[in-house]
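Below: the structure, in structure tokens.
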Amino acid sequence: MADVLVVAELADGQIRKTTLSAITMAKAAAAVLGGGFDILVIGGPGAKAAAAGATAFGAGKVLVAEDAGLTDYVAERYAPTVADVGKGYGLICATASSYGKDLIPRVAGRLEAAFAGDCAGVSDAGGKIAYKRPMFAGNAFGTCTLNTAIQTATARQSEFEPAAESGGASPISDVTATAPSGAAERVEFVSLEQVKSERPELGEASTVVSGGRALKEEFFKVLEPLVDVLGSALGASRAACDAGYAPGDYQVGQTGKIVAPDLYFAIGISGAIQHVAGMKSSKTIVAINKDPDAPIFQIADYGLVADLFQAVPELVEALKAKKAAG
Amino acid sequence: MKILVALKRVADPDNANKVKVSPEKIDTTGLEWKINPFDEYALEAALRLTEDGKKPKKREGEVVVMTLGPKEVETTLRSALATGADRAIRIDCTDDELDGRLVANALKTVIAEEKPDYVIFGKQAVDGDNNGVGQMVAELLDWPMATFAATIQEEDGSLLVSREVDGGMCTLRVKTPAVVTVDLRIVAPESVYSKLTDKAHKYSDGVRFAALPAIMKAKKKPIDVKALADTAGGVTIGSNYANFEAPAARAAGVKVEDVAALVDKLANEAKAI
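So the protein sequences, as listed, match chains R and U.
For the first sequence, numbering that gives the first Met the number 0 gives the first residue as 0, with consecutive numbering after it.
For the second sequence, numbering that gives the first Met the number 0 gives the first residue as 0, with consecutive numbering after it.
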């Protein structure tokens, strides 16, 4: 019997919603191991206050490592503490956000633990955790077991429902941050520039509008009205990001954000394999493209062959009219 | 400056939907081997860091590429050598004896011997999609790392790296020796500057291609071969894969006539708006 440790992610002094997917993974993994799960909240001053937001999910305890040296996240300063706290657990997991992807394999290296990244599910393989992982841009799934005593994994956010609060109050206890090793002395945090947006985050939105290279410099001009009327998140194909029409972190795809909203609009996106890998689990997919043979139409529930520069404004007007009519 | 670049060959990612999935394996027969795209970007970044952008034929320092695999992966190494790398290291093994943790341990041994200033990885290989080896290597060596790099600027004894993170960019300064893993925008025209390259210089977009004379010359560049057992430090494969499966296919959709028909379908059929 072993327990599972969830490494929470903090943003603006609160537990980031991404963490809730890792909690769901931890519950499933703990059921396999016949144990429970704890949550580690790690960060600078304020971490302890944030930990209050993690006590209602059924964790055995919420551990807090609050230390001034952990104020700005860098993996070299976080990994030693996560590894020391995680030593007694069967699995250490986080969500595969840019934070989890950066930190967890580093923790794995420290503990000589095997690592399963970006998992889509966990199940029971004769008392061992079986990790189901998307591979080859989502064109295959492989299920693996790991044979190290401590295991590490990240959860694909779109594949694990965010855990709901189940009531109760997990006790909070402090843990001491581990002094970092030599690597930490050779890394300096310079800045974190984040674009504050009123729109929902890509990984969490129920509707996503993504645009491709066809939008050119009019990417925002054309898509923003649609995003506003839908209240959706805004994404982009890799080609649009590559070309500089959209920022890099807008990228939806195998190597960008993986999304699975209720409704996904692919606007001027051809449907390259690596883009499809990031959105094909969406419930309803709409494609607007002027090329009737674009591969995106093969996976779209509703395809509209049209010039997007005409069709999108028309769609905005139609949605506005529908809204006004109630 | 000396830079090591880790490369992996992958089945043609542009045709990843043609892999044949059976419960026992993912069969890539018929797909061409390519350098993992992110590793190509890592190599391009290493080349940019070891040159004056105006004189790309003159290497200021050394770029060494390394990989793990059977003899035939030397084709992949040769193409990297033709692009500008100076020499190569191959750790001999079959593809199926490997997992991320074992690869990280074997590379750590080579890196400790080679003592480069920096090691550059692609952020992930697009076959396994695990995204972990670079981070593990950095920890095994107790080196700092900057993952998902979009830009790199060389300074005296350090690199200033801007990283793609959720919601924006995070900038770190890592002192040598350090590990960098690169994201896709690292090959944009103004992404990487060595100390020698004028800040006004703009590279052409993407990775460079090998010229024919360079391809001929690459045949003579050295490839060192090492045994997996000598580099793995006793670590054995730690992940066992079984039960491969293809994703569920999506039901075929319909084409709609116009915007009005689309809105009608979304409202009344999909009930999505």
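Backbone N, C-alpha and C fix where the C-beta goes; we use that ideal spot for every residue, glycine too.
If you're wondering where the values come from, they're calculated on a predicted model, not measured in any experiment.
Are the C-beta of residue 172 of chain U and some C-beta of chain R separated by less than 8 angstroms?
Translated into the one-based positions of the second sequence, residue 172 of chain U becomes position 173. Yes, contact with chain R.
Nearest neighbour of residue 113 of chain U, chosen from U:87, U:133, U:123 and U:16 [CA to CA]:
Counted from its first residue, the second sequence places residue 113 of chain U at position 114. Of the listed residues, the one whose Cα sits closest to residue 113 of chain U is U:87.
Close-in-space but distant-in-sequence residues of the same chain around residue 238 of chain R (CB under 7 angstroms, 5 per side omitted):
Position 239 of the first sequence, counting from 1, holds the residue named residue 238 of chain R. Within the same chain, residue 238 of chain R has close Cβ partners 211 and 212.
For residue 120 of chain R, which of R:37, R:95 and R:109 has the nearest alpha-carbon?
Translated into the one-based positions of the first sequence, residue 120 of chain R becomes position 121. The residue with the shortest Cα to Cα distance from residue 120 of chain R is R:95.
What residues from chain R crowd round residue 243 of chain U, counting only those whose CB sits closer than 9 angstroms?
Residue numbering aside, residue 243 of chain U sits at position 244 when the second sequence is read from its first letter. Those are 134, 139, 140, 141 and 142, listed as they occur along chain R.
Who are the neighbours of residue 254 of chain R on chain U, taking C-beta pairs under 8 angstroms?
Your numbering for residue 254 of chain R matches position 255 in the first sequence. Ordered by position in chain U, the residues that pass the 8 angstroms Cβ test against residue 254 of chain R are 37, 122, 123, 125, 182 and 183.
Below 7 angstroms on C-beta distance, what does residue 188 of chain R contact in chain U?
What you label residue 188 of chain R is simply residue 189 of the first sequence in a count that begins at 1. Ordered by position in chain U, the residues that pass the 7 angstroms Cβ test against residue 188 of chain R are 171.
Flag this pair as yes or no: are the beta carbons of residue 209 of chain R and residue 129 of chain R separated by less than 8 angstroms?
In the first sequence, counting from the first residue as 1, residue 209 of chain R sits at position 210. In the first sequence, counting from the first residue as 1, residue 129 of chain R sits at position 130. Not a contact, by the Cβ cut-off of 8 angstroms.
Terminal residues of the beta strand (DSSP E) in which residue 3 of chain U lies:
The sequence position of residue 3 of chain U within the second sequence is 4, counting from 1. Unbroken beta strand (DSSP E) run through residue 3 of chain U: 1–5.
Under three-state DSSP, which class holds residue 68 of chain U?
The residue labelled residue 68 of chain U in the question sits at position 69 within the second sequence. Residue 68 of chain U falls in the strand class under three-state DSSP.
What are the residues in the stretch 172–197 of chain R lying within 9 angstroms of chain U by C-beta distance?
180, 181, 182, 183, 184, 185, 186, 187, 188, 189, 190, 191, 192, 193, 194, 195 and 196
Work out the CA separation of residue 305 of chain R and residue 311 of chain R for me, nearest whole Å.
Start at 1 with the first residue of the first sequence, and residue 311 of chain R comes out as number 312. Start at 1 with the first residue of the first sequence, and residue 305 of chain R comes out as number 306. Rounded to whole angstroms, residue 311 of chain R to residue 305 of chain R spans 9 angstroms at the Cα level.
Mind listing which residues of the stretch 130–146 of chain U have their C-beta closer than 9 angstroms to chain R's C-betas, in chain order?
Listed in sequence order: 130, 131, 132, 133, 134, 135, 136, 137, 138, 139, 140, 141, 142, 143, 144, 145 and 146.
Would you grab the beta carbon distance between residue 42 of chain U and residue 79 of chain U for me? Rounded to a whole angstrom, and I think it's under 8 angstroms.
Start at 1 with the first residue of the second sequence, and residue 42 of chain U comes out as number 43. Start at 1 with the first residue of the second sequence, and residue 79 of chain U comes out as number 80. Confirmed, about 6 angstroms.
With DSSP as the reference, please indicate the residues paired to residue 108 of chain U in a beta bridge.
Position 109 of the second sequence, counted from the start, is the residue given in the question as residue 108 of chain U. DSSP, once it has assigned bridges, lists no residue as partnering residue 108 of chain U.
Does DSSP classify residue 105 of chain R as helix, strand or coil?
Within the first sequence, the letter at position 106 stands for residue 105 of chain R. It is helical.
Counting contacts by CB-CB distance shorter than 8 angstroms, is residue 23 of chain U in contact with chain R?
Position 24 of the second sequence, counted from the start, is the residue given in the question as residue 23 of chain U. No, no contact with chain R.
Burial state of residue 219 of chain U (16 or more Cβ within 10 Å)
Position 220 of the second sequence holds residue 219 of chain U. Counting the other Cβ atoms within 10 Å of the Cβ of residue 219 of chain U gives fewer than 16, which makes it exposed.
Closer than 7 angstroms: residue 76 of chain U CB and nearest the ligand COA heavy atom:
Summarising the ligand content, the structure contains no ligands, and the ligand COA is consequently not present.
Runs of 3 residues minimum, wholly inside the stretch 190–265 of chain R: which ones carry the beta strand (DSSP E) assignment?
206–210 and 232–235
Three Cβ pairs or more, each shorter than 8 angstroms: is that satisfied between the stretch 230–237 of chain R and the stretch 145–154 of chain U?
no
Going by DSSP in three states, residue 33 of chain R sits in which element: helix, strand or coil?
To locate residue 33 of chain R, count along the first sequence from 1; it is residue 34. Residue state, collapsed to three classes: coil.
Do residue 104 of chain R and residue 134 of chain U have their C-beta atoms within less than 8 angstroms of each other?
On the first sequence, position 105 is the one that residue 104 of chain R refers to. On the second sequence, position 135 is the one that residue 134 of chain U refers to. Taking 8 angstroms as the cut-off, the Cβ atoms of residue 104 of chain R and residue 134 of chain U count as close.
Taking the straight line between their C-alpha atoms, what separation do you get for residue 238 of chain U and residue 201 of chain R?
Position 239 of the second sequence, counted from the start, is the residue given in the question as residue 238 of chain U. Position 202 of the first sequence, counted from the start, is the residue given in the question as residue 201 of chain R. The alpha-carbon atoms of residue 238 of chain U and residue 201 of chain R are separated by roughly 31 angstroms.
Contacts that residue 147 of chain R makes with chain U (C-beta to C-beta distance below 7 angstroms)
In the first sequence, residue 147 of chain R corresponds to position 148, counting from 1. 237, listed in chain order.
At the level of alpha carbons, what is the spacing between residue 271 of chain U and residue 167 of chain U?
What you label residue 271 of chain U is simply residue 272 of the second sequence in a count that begins at 1. What you label residue 167 of chain U is simply residue 168 of the second sequence in a count that begins at 1. Rounded to whole angstroms, residue 271 of chain U to residue 167 of chain U spans 30 angstroms at the Cα level.
Collapsed DSSP secondary structure at residue 94 of chain R in the structure displayed:
Along the first sequence, one-based indexing puts residue 94 of chain R at 95. If DSSP states are grouped into helix, strand and coil, residue 94 of chain R belongs with the strands.
Look at the Cβ atom of residue 162 of chain R, then the Cβ atom of residue 287 of chain R, and state whether they are nearer than 8 angstroms.
Against the first sequence, residue 162 of chain R aligns to sequence position 163. Against the first sequence, residue 287 of chain R aligns to sequence position 288. No, the Cβ-Cβ distance between residue 162 of chain R and residue 287 of chain R is not below 8 angstroms.
Return no unless some Cβ of chain U is closer than 8 angstroms to the Cβ of residue 80 of chain R.
Within the first sequence, numbered from 1, the residue matching residue 80 of chain R stands at position 81. False, the Cβ-Cβ gap to chain U never drops below 8 angstroms.
Mark residue 211 of chain U as exposed unless 16 or more other C-beta atoms lie within 10 angstroms of its C-beta, in which case mark it buried.
Translated into the one-based positions of the second sequence, residue 211 of chain U becomes position 212. With fewer than 16 other Cβ atoms within 10 Å, it is exposed.
So the candidates are R:243, R:278 and R:315; which of them puts its Cα closest to the Cα of residue 189 of chain U?
Stepping through the second sequence from its first residue, residue 189 of chain U is reached at position 190. Taking only the C-alpha atoms, the option nearest residue 189 of chain U is R:243.
Would you call the stretch 61–79 of chain U in contact with the stretch 68–87 of chain R, where contact means no fewer than 3 C-beta pairs closer than 8 angstroms?
As far as the Cβ criterion goes, the stretch 61–79 of chain U does not touch the stretch 68–87 of chain R, which means the pair count is below three.
Classify residue 274 of chain U as helix, strand or coil using the three-state DSSP reduction.
Residue 274 of chain U falls outside the range modelled here, since chain U spans only 0 to 272, and no answer is possible.
Decide yes or no for the touch test of the stretch 64–71 of chain U against the stretch 149–157 of chain U: beta carbon pairs closer than 8 angstroms, at least 3 of them.
no
Residue from U:50, U:257 and U:109 with nearest C-alpha to residue 5 of chain U:
As a position in the second sequence, residue 5 of chain U is number 6, starting the count at 1. Considering only alpha carbons, the answer is U:109.
Candidates R:279, R:167 and R:249: closest to residue 263 of chain R by CA position
Within the first sequence, the letter at position 264 stands for residue 263 of chain R. Answer by Cα proximity: R:279.
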